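Data first, discussion second: the structure below is written as structure tokens.
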Amino acid sequence: MNFGNISSAMMMIYDELVNDKPSKKLINKIDKATNDTQIKAGIVEGVKRLRELGKNALADDIEKKTKGFAF
4 MNFGNISSAM
14 MMIYDELVND
24 KPSKKLINKI
34 DKATNDTQIK
44 AGIVEGVKRL
54 RELGKNALAD
64 DIEKKTKGFA
74 F
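In case it helps, the numbering used here puts the sequence shown at residues 4 to 74.
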């Protein structure tokens, strides 16, 4: 598990979804996460939202970075 990759994945989700109104609660969830379980859930939900928006390459990259942690 690479914490740098996990942090990078969270920032990628944030950067891509910060202006997406339906993702406002998700961004808040990731931002206020206090434990690994909450971070994992936020990453999984973020990848799901990215796929809904057709951003599959980015979602694939995030899954790869967080393999063994969230996926």
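Just so you know, even glycine gets a beta-carbon here, dropped at the ideal spot from N, CA and C. Keep in mind the model is a prediction, meaning the values are calculated, not measured.
Close beta carbons around residue i, own chain, < 6 Å, minus the five adjacent residues each side
i	result
G71	M4
K58	none
R54	A62
7 Å Cβ shell around residue i - same chain, five flanking residues per side excluded
i	result
L20	S26, L29, I30, G49 and R52
K43	F72 and A73
Y17	I30 and I33
A12	I46, I65, K68 and T69
Sub-8 Å separation of residue i and residue j beta-carbons
i	j	result
I33	T69	no
L61	M15	yes
Distance cut-off 7 Å: residue i Cβ against heavy atoms of the ligand GDP
i	result
M4	The ligand GDP is absent from the structure shown, which contains no ligands of any kind.
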